[in-house]
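Residue numbers (the numbering used here): 14 to 577. This report concerns only the one structure given below.
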Amino acid sequence: DPVGAYSINLLGSVAGIWVFAGMAFLWLPPEYWFGVTCLLLLVIRPPSLMFGVAALAVLAVSVVLLRLPRSSKLETHWSPYQKLEAVDLGERQYSIGVNNTGYMSIANTTPEFLTRHPEIARRYGDESSYGAPFRFAKSCDRVLIVGAGAGNDAAAALRNGAGHVDTVEIDPVIYSLGERLHPDQPYSSPKVRKILNDARAFLRGTQETYDVVLFGLLDSHTQFSDFSNMRVDNYVYTEEAFREAKRLLKPGGILIVKFEVRAPWTWMGQRFYAMLDRIFGRPAIVFYAPPLGSMTQATVFMTSTDAELWARAAQPELAAILAKHPPSFPLELSGAPTPATDDWPYVYHRSHSIPRTYLTVSLLLLGMTLFLVRGVLEPRQVSTWHFFFLGAGFLLLETQLVSRLALYFGTTWLVNCVALTAILLVLVAANIYVTRSEPENLGPYYVPLVVFLLINYFFPWHRLPYDARTVGVLLSVAYSIPVFFAGIIFAEVFRRFPQKSHAFGANIVGAVAGGLAQNASFIVGMKALLLIAALFYASAGLCGLLGARQRRPEEVLVSPRIGS
14 DPVGAYSINL LGSVAGIWVF AGMAFLWLPP EYWFGVTCLL LLVIRPPSLM
64 FGVAALAVLA VSVVLLRLPR SSKLETHWSP YQKLEAVDLG ERQYSIGVNN
114 TGYMSIANTT PEFLTRHPEI ARRYGDESSY GAPFRFAKSC DRVLIVGAGA
164 GNDAAAALRN GAGHVDTVEI DPVIYSLGER LHPDQPYSSP KVRKILNDAR
214 AFLRGTQETY DVVLFGLLDS HTQFSDFSNM RVDNYVYTEE AFREAKRLLK
264 PGGILIVKFE VRAPWTWMGQ RFYAMLDRIF GRPAIVFYAP PLGSMTQATV
314 FMTSTDAELW ARAAQPELAA ILAKHPPSFP LELSGAPTPA TDDWPYVYHR
364 SHSIPRTYLT VSLLLLGMTL FLVRGVLEPR QVSTWHFFFL GAGFLLLETQ
414 LVSRLALYFG TTWLVNCVAL TAILLVLVAA NIYVTRSEPE NLGPYYVPLV
464 VFLLINYFFP WHRLPYDART VGVLLSVAYS IPVFFAGIIF AEVFRRFPQK
514 SHAFGANIVG AVAGGLAQNA SFIVGMKALL LIAALFYASA GLCGLLGARQ
564 RRPEEVLVSP RIGS
């Protein structure tokens with residue numbers, strides 16, 4: 014029973030997702046991943062002493078290499094998102110690296126430290142990226158920090174008299190490091206509320222208002238999903254996100270956005286400057302905060318719905334800060350890159366074009382895949398193209414569902430797991446339907462599949478008068494319908510086709526080609542992938558129709574039914 018075997022394969026994928034999710038939840042390091050993989054290989058392979066010894070030897074060597082001590086001043090942690098390394102810099106200061114790249118610091122701004130370092134104490138309020146921005150705020154009574162990190166911004170808010178601070182951080186390990194290592198202990202303050210969530214999801218869902226909304230140094234080093242071109246923070250720096258932050262400001266409140274703008278990417282500063290001008294209707298106040306001690310540098314953007322911010326910035330002391338530390342890019346609207354939006358969230362890409370690296374890697378993967386399946390592909394057969402288009406269309410459909418759910422529920426590892434699980438379970442339901450009904454004609458399934466793809470493209474989800482989670486649930490249902498029809502079509506076509514290896518080979522090549530087509534979102538946006546997916550499925554339907562007209566038993570749509 015090929016459909017039954019396919020269902021078991023899908024359920025195995027679901028189990029794999031949640032086994033890995035469990036290891037991520039427990040913050041387990043890679044040796045556990047390798048250990049589970051080796052055990053599974055030992056279980057599924059025929060009994061072999063030589064293979065068992067070799068697998069255990071490889072596992073043992075891997076564990077030893079991964080566990081080799083590197084430095085007494087270094088501690089390594091594995092969060093659900095990334096590898097984190099905390100390095101002791103001395104005097105209760107720390108550097109935190111992500112995936113072997115410098116990422117953030119834990120700064121010491123305790124009175125004892127500043128007494129020993131009067132130069133840092135003197136410059137902290139005027140030049141640091143943590144202390145200086147709060148001097149421009151009319152009030153710091155209620156502060157929201159998204160991308161709170163290990164606590165530097167929270168410590169600065171408390172130092173500047175904040176009565177209540179909401180901190181939002183996506184990575185639980187970063188929170189843990191801040192709680193344990195930060196010398197100011199901001200996360201132990203009763204004035205600070207820690208919120209473990211995606212920044213965009215919190216901005217969209219909360220109804221509270223603040224005197225200061227601060228975007229910390231959110232620059233992510235982590236990709237959200239292998240089914241998407243996005244990074245974890247892509248949806249945080251869009252026009253829609255800044256509008257949501259604007260909604261949370263009290264009268265007279267200010268928005269502070271910190272970002273590391275440096276050559277040759279100074280155009281990113283111009284992008285933020287133009288976006289904030291467009292949203293708030295006046296030019297943002299911008300200055301560069303240089304590195305200070307263990308405190309990182311940043312370009313600071315400040316804006317408000319109240320003109321009083323600009324009046325304060327004109328006062329001699331604050332005007333001196335702005336004059337002494339201008340940004341590294343011209344404060345001009347002309348020549349600024351196009352804004353990042355929820356449909357085109359690629360804030361790290363200057364223009365609507367496919368990055369050469371992405372295109373090169375995609376073409377290499379396609380070439381490698383074609384080479385590996387060259388023995389089973391038969392390009393002259395209509396059935397080959399039928400499975401090819403099914404694979405390409407489904408990859409794009411899967412990409413859309415994962416990325417849209419991230420927009421409404423957050424780019425967290427749990428959302429990723431739930432989205433992929435939902436897709437797989439819908440496919441299992443489609444397989445059950447095929448097993449019970451054995452559909453004769455697939456035309457009635459192609460039509461609603463393409464129609465629902467077009468409906469999802471044109472429907473204005475963002476205009477629904479419901480909260481984000483309700484809209485997310487409705488969108489999930491709407492996107493699951495074409496997934497269900499696509500599952501029915503693939504399962505039935507695969508069930509009829511006698512050469513299973515040929516079908517899988519063509520389908521895999523199609524999926525890789527769909528990944529290549531996904532790069533089109535860099536040009537036309539995310540939603541347009543639905544139109545490309547509809548085109549792929551319409552092409553698959555045409556191939557099915559041509560195969561049926563040829564009346565050849567080896568073709569996909571007219572081969573004899575199994576058991577008929």
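Glycine residues also receive a C-beta, built at the ideal position from the N, C-alpha and C atoms. From a predicted model like this one, the values you see are computed outputs, not experimental measurements.
With contacts defined by Cβ atoms closer than 9 Å, residue 179 and residue 334 do not form a contacting pair. Residue pairing of residue 286 in beta bridges, as defined by DSSP: absent, with no partner found. Among the bridge pairs identified by DSSP, residue 312 is matched with 272, 301.
Under the three-state reduction of DSSP, residue 31 is assigned to helix. Boundaries of the alpha helix (DSSP H) around residue 381: 369 to 385. Remark: C-beta atoms of residue 253 and residue 355 approach each other more closely than 9 Å. The DSSP-derived three-state label of residue 21 is helix. Here the C-alpha atom of residue 393 lies approximately 12 Å from the C-alpha atom of residue 560. About 7 Å separates the CB atoms of residue 99 and residue 194; that is less than 8 Å, so the two are in contact.
Closest by C-alpha distance to residue 378, out of 327, 32, 541, 522, is 522.
Taking one beta carbon from each stretch, the region 293 to 311 and the region 327 to 341 have 3 or more pairs nearer than 8 Å; the two touch.
At least 9 Å separates the beta-carbon of residue 372 from that of residue 247. For residue 56, the enclosing alpha helix (DSSP H) covers residues 43 to 57. In terms of Cα proximity to residue 499, the closest of 272, 411, 124 is 411. In the same chain as residue 256, and ignoring 5 residues on each side of it, the C-beta atoms closer than 8 Å to its own belong to 292, in chain order. In chain order, 164, 167, 180, 188, 191, 192, 207 place their CB closer than 8 Å to the CB of residue 200, counting only its own chain and leaving out the 5 sequence neighbours on each side. Residue pairing for residue 109: DSSP places it in a beta bridge opposite 99, 117. Here the alpha carbon of residue 386 sits roughly 21 Å from the alpha carbon of residue 556. In the DSSP assignment, residue 207 is bridged to 180. A direct Cα-Cα distance of roughly 22 Å separates residue 487 from residue 406. The beta carbon of residue 502 is closer than 6 Å to those of 455, 458 in its chain, skipping five residues each way along the sequence. Under the three-state reduction of DSSP, residue 263 is assigned to strand. Three or more Cβ pairs closer than 8 Å define a contact, and the region 440 to 451 falls short of that threshold against the region 419 to 429. Comparing alpha-carbon positions, the option among 307, 283, 146, 114 lying closest to residue 228 turns out to be 146.
For residue 103, the closest alpha carbon among the candidates 120, 157, 268 is that of 120.
The region 258 to 271 and the region 147 to 155 touch, with no fewer than 3 CB-CB distances between them shorter than 8 Å.
C-alpha of residue 275 to C-alpha of residue 251: approximately 20 Å in a straight line. Judged by their CB atoms, residue 46 and residue 434 are not nearer to each other than the 9 Å cut-off. When DSSP states are grouped into helix, strand and coil, residue 534 belongs to the helix group. Between the alpha carbons of residue 491 and residue 465 lies a distance of about 8 Å.
Separation of residue 481 and residue 214 (C-alpha to C-alpha, rounded to the nearest whole angstrom) is 8 Å. Within 10 angstroms of the beta-carbon of residue 272 lie 16 or more other beta-carbons, which makes it buried.
For residue 515, the CB contacts under 6 Å within the same chain, skipping 5 residues up- and downstream, are 389 in chain order.
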